[in-house]
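What follows is one structure encoded as structure tokens, with my remarks underneath.
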Amino acid sequence: MFGWLRVVASRIRGWFTIRRLDEDFQQELDSHLALLTEENLRRGLTPEEARRAARVRLGGVTQLRETHRELQGLPWLEALAQDLRYALRMLRKNPGFTAVVVVTIALGIGASTAVFSVVDPLLFRRLPYPQDDQLVSVGYLGPVDNNEFNVVSSYFDWRQAQTPFQFITAMRPGGECDVLIGDTPRQVRCYAVAADFLKTFRIRPAIGRDFSAEDDQPRAPTVVLLSYGFWQRAFGGDAKVLGKTITLNEEPAQVIGVLPKTFEMPQLGDIDVMLPARLDASRPRSANSSSFLRTFARLREGVSIEQARDRLRPLFEESMQKDVPVELRSEARLVVRSLRDRQIHDVKRASWLLLGSVIALFLVACINVANLMLARAVARRRELAMRAALGAGRGRLMRQALTESLMFGLLGGVAGCGAAWVLLRLIVNLAADQMPRLDQARIDLRVLLFALAGSIVAAVLFGVAPALERPRAEFLFGGRTAGTGRTVFRKALVAAQVAISLVLLTGASLLVRSLAKLENQSLGFQPEHVLSASFTLRHHRYQPTSAQITFYDELEARLKRIPAGGSFALSDSIPPRGSMGRPYSNMRIFGHPPLAPDGGMVEFRRVTPGYFQTMGIAILAGRAFTESECASGESPVILSATLARRMFGNENPVGQQIELDGNGHWCPIVGVAADTRNNGLTDPPDPEYYRLRMKGSDELGASGVVLFRTSLDPAALVPWIRKEFAALDPSLPVTVETMEGRVQRFRERPRFVALLVGLFAALGLLLAAVGLYGVLSFLVAQQTREIGVRMALGARPRDIAVQVQKHVGSLMGMGVAAGLAGSLVLARAIRGLLFEISPTDPISLLAAVTVLVVTAALAAWIPSSRAARVDPALALRCE
Amino acid sequence: MTKDRSEILQGTLDLMVLQTLDAMGPLHGYGIARRIEQISEEVLRLNQGTIYASLVRLLQKGWISGAWGASENNRKAKFYSITRRGRKQLSAETENWERIAGVMGRVLQLAERR
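Protein sequences, first through last, are from chains B and D. For what it's worth, our numbering labels the leading residue of the first sequence as 1, then goes sequentially. For what it's worth, our numbering labels the leading residue of the second sequence as 1001, then goes sequentially.
Structure, rendered in structure tokens:
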């Protein structure tokens, strides 16, 4: 059975000891000859004749040794070495061709591997929880937040009555905590979670224990789990930390364990400290229904997400009646979605788009390789025929073609690894904070190998194909027949390239146009020359509100002294984001019937009088706040244009009184301000109103943003601002940045996606151009004789050029038609990524087609002008 | 086509070598060649060198083994002997050969009778 194995083993052994075997065999033959000679002598021949006869009997010694050697060693290995030498020589002889093939393969492999490495942790790789496919995020989705959330009272209801889940667990939104370890105060990221939070995710602490049900009782003493990183930073990874007591928000807290090194919060938040949420079911429902949570669950075995949603729905409807204000019910819906979808929420589409475009690029690259290899094969037919005529077996020729193709694949593969590495670095730098899990992006070996295999297959398939064809004698006389079948195939390949490139180009031009709209849109405020400094006051230092009031008063006094040469304002938040909104229907107009109960949320900010001037927000009616109002007992309000229109229609809102949150406090409207982008840059602005920051008011909140409009270089102001903050509270972290930089951050992801897709489109276009150029050059070379005849018969160079251009036309026609169809499909798919651009935007389509056609014309120009310059005398003589 | 024929011839030669070694005990190349010629009553006069290709094949399959020794004229020569595995192969091949020979014989008789 394993006979052949034994033979192979023995041959391998033989290959290594070939020299000794040779000597042995020589000895064997010598002794054989001697024996034969003796036999002949015994027969009475003369010594001379005896020796001669012996040699005849034995056969040609050289040939015997040759055969012996072939049988013993690994002749195909030697042939391989020969093929490799030959292939290398061929690669060196055609550096241009080699470079194009290698670069094409490298681009295909590099780009697809790099992009896959970035999106793999988002789209495909397992989340770091056992049986991650059972994990879901559940909750209400409403206009308040982009992600689903829950409230404590509903969570308790669901927890009690739900059936589709093994566990349902909750965490409070994360926040900053003040921690005192020994005497060192630190600000850390902490999360309060339900007792079964880690159990739901099937995570056990690295050391110590998990929270128990007792730890999670409403008035239980605080215990905490530390994140691995925080444990390392703050305690140097000392296991004796267990049982120690630290101070957390002014309260003692015992450390009971450390989270595993690989632990991730399910919404990917940074975490230092985890503590029990200690939710209290005995609190009044009204209190619990305004306390927000994120809820996660683990599906029961065999329950799908859809089933879970259906089974949860009655419960959802019931608790919504109790917990969601009636005016928001029509806009709230139940969300049950996989944890992965929750995590990649807003980059899912971008990830798929990048992956799709890089696959397209890879296809174009493979087609290009196929095309180039075919062209070369045809060009070398003559050589192959010659070698066959000189006695090379077909197996040998094929093996050689295979070796050469593999060499290309290998070289391209090595270059591709380099390209993948460079591109990955590039993407990581470009993407900065725009893609989650970027730190986990590694060159993925599987993909690298897959891409490598793909391009090698392309090279081999089309490199070897011609060797399969029986070399025909007529090829020896200079390939007169073009092999029409293959030409059609090659044209089809180029048309496919053109089509794919067009799809890529359309995608890129749509994204670029959308980005341009995003950059040039009116924000409603003027970010130029504005500097912002944002901060959040620490809980423990500013606990009595009087400390906060003192801080703000002093801050304002100090900052006003800075010679900024412009205006100054203080606000609790600034666009392009809003703050936590309030339901529209909570508001009332004095003397009017209640407002319609639909209408989502209204943003609001508390600002100082200088806000509108500093931000450059136009006052459309009435006036801005004044300094004198700050100390008065009134609560003047300014509405955004959208809100004013919505509440008052064509009536003049200035001078009217409105109630903001059902507390019976009537506020006079003093003005109407222009709308600003307060919902990010892409979503339409929410209605908004402004209230005046009162002197000595206790409603200021812990977050603040200081704004300066300055005629100076903003960078020169930064140290001044920092100095004033440091004088007030040296430990307060302050983020100082220009308004323009802040706005710019909102455009980074669209820019990143547009840039990458644009890059891939450009590469695809380049490859398609190379492909087109290759096919045309080949056609022209094939038809040199025909062209010569036509010219001899009186055709003008222009006619010849037209003839070549006709080929281009037919190729492009097919490619563009298919590409347009593909583009429409693509555009529909990426609609969600586009801003104020219709997926069928004619300008984008036109731009893509124009770029493609111009490039094609350039690529076709060289071969067609070469055709037009054919010298009929030369062309005819060369046959 | 040509390949098949040479394969049959090779196989035949290999079988004869095996048979010779089985009957005669250890022999060197010359001895084997002589013996085959004698047995075939000089019908089969081969280039004695061809025997060596056969010997390499049999060695590689592990059916024979070789060891250096001294020949009749006191020269260094390689002596081949059949292995246990070789004997097994030989009996299988012989059986097979006889069956084929039997069939061939009957077929040829049939042709004669016609």
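Glycine residues also receive a C-beta, built at the ideal position from the N, C-alpha and C atoms.
Under the three-state reduction of DSSP, which class applies to residue i: helix, strand or coil?
| i | result |
| --- | --- |
| B/E176 | strand |
| B/E264 | coil |
| B/Q63 | helix |
| B/F97 | helix |
| D/L1058 | helix |
| B/I203 | coil |
| D/H1028 | strand |
| B/Y191 | strand |
| B/F292 | strand |
| B/A314 | The sequence shown places Pro at residue 314 of chain B, rather than the Ala named in the question. Helix at B/P314. |
| B/F167 | strand |
| B/F590 | coil |
| B/L793 | coil |
| B/I443 | coil |
| B/L620 | strand |
| B/L681 | coil |
| B/G479 | Confidence at B/G479 is low in this model, with a pLDDT of 47, below 50, so the placement of that residue should be treated as unreliable; the coordinate-derived value is given next. Coil, per DSSP. |
| B/E331 | coil |
| B/D252 | First, the residue type needs correcting, since residue 252 of chain B is Pro and not Asp in the sequence shown. If DSSP states are grouped into helix, strand and coil, B/P252 belongs with the strands. |
| B/G236 | coil |
| B/F525 | coil |
| B/R300 | coil |
| B/P130 | coil |
| B/G139 | strand |
| B/R337 | strand |
| B/V103 | helix |
Could you confirm whether any beta carbon from chain D is found closer than 8 Å to the beta carbon of residue i?
| i | result |
| --- | --- |
| B/R57 | yes |
| B/A392 | no |
| B/G3 | yes |
| B/T67 | yes |
| B/L35 | yes |
| B/V7 | yes |
| B/R19 | no |
| B/R11 | yes |
Tell me, please, which residues DSSP counts as bridged to residue i.
| i | result |
| --- | --- |
| B/C667 | B/I658 |
| B/E688 | B/E603 |
| D/G1069 | D/A1077 |
| B/S571 | B/V607, B/V705 |
| B/R92 | None; B/R92 has no bridge partner. |
| B/M274 | B/Y191, B/L225 |
| B/V258 | B/I207, B/L226 |
| B/F746 | Answer by DSSP bridge pairing: none, since B/F746 is not bridged. |
Could you tell me whether any Cβ in chain B is nearer than 8 Å to the Cβ of residue i?
| i | result |
| --- | --- |
| D/Y1052 | yes |
| D/G1105 | no |
| D/T1012 | no |
| D/Q1019 | no |
| D/N1096 | no |
| D/S1071 | yes |
Any heavy atom of the ligand COA within a distance shorter than 7 Å of the CB on residue i?
| i | result |
| --- | --- |
| B/G565 | Here there are no bound small molecules, and the ligand COA is not part of this structure. |
Starting from the beta carbon of residue i, find every residue of chain B whose beta carbon is closer than 9 Å, and list them in chain order.
| i | result |
| --- | --- |
| D/R1035 | Result: empty, since nearest Cβ-Cβ is about 13 Å, beyond 9 Å. |
Give the interface partners of residue i over in chain B, defined as CB-CB distance under 8 Å, in chain order.
| i | result |
| --- | --- |
| D/K1076 | Q27, S31 |
Starting from residue i, find everything on chain D with Cβ-Cβ shorter than 9 Å and list it in chain order.
| i | result |
| --- | --- |
| B/Q72 | V1056, Q1060 |
| B/L64 | N1047, G1049, T1050, Y1052, A1053 |
| B/E38 | E1072, N1073 |
Starting from residue i, find everything on chain B with Cβ-Cβ shorter than 7 Å and list it in chain order.
| i | result |
| --- | --- |
| D/G1029 | E28, H32 |
Checklist entry - Is the region 490-500 of chain B touching the region 669-687 of chain B in the sense that three or more CB pairs, one from each, lie closer than 8 Å? => result No: fewer than three Cβ pairs fall under 8 Å.
Next on the checklist: Can you confirm whether the region 262-271 of chain B touches the region 190-209 of chain B when touching is taken to mean that 3 or more C-beta pairs between the two stretches lie within less than 8 Å?
Outcome noted: Touching, yes.
Checklist entry - Using 8 Å as the Cβ pair cut-off and three pairs as the minimum, do the region 287-299 of chain B and the region 141-153 of chain B touch? => result Pairwise C-beta distances place the region 287-299 of chain B in contact with the region 141-153 of chain B, as three or more of them are shorter than 8 Å.
Checklist entry - Are there three or more Cβ pairs, one per stretch, closer than 8 Å when the region 393-409 of chain B is compared with the region 429-445 of chain B? => result Taking 8 Å as the limit for Cβ pairs, the verdict is that the region 429-445 of chain B does not touch the region 393-409 of chain B.
Checklist entry - Using 8 Å as the threshold, is the region 567-577 of chain B in touch with the region 706-723 of chain B, meaning 3 or more CB pairs across them? => result Touching, yes, given that three or more Cβ pairs across the two stretches are closer than 8 Å.
Checklist entry - Does the region 509-522 of chain B come close enough to the region 724-741 of chain B that 3 or more CB-CB pairs lie under 8 Å? => result Note that the region 724-741 of chain B does not touch the region 509-522 of chain B; fewer than 3 beta-carbon pairs, one per stretch, sit closer than 8 Å.
Item to check | Cβ pair count under 8 Å reaching 3, the region 809-826 of chain B against the region 782-799 of chain B | outcome: In short, these stretches do not touch, since the Cβ pair count stays below three.
Checklist entry - Would you say the region 247-261 of chain B touches the region 199-209 of chain B, given that touching needs at least three Cβ pairs under 8 Å? => result In this structure the region 247-261 of chain B lies against the region 199-209 of chain B, because at least three pairs of beta carbons, one per stretch, are closer than 8 Å.
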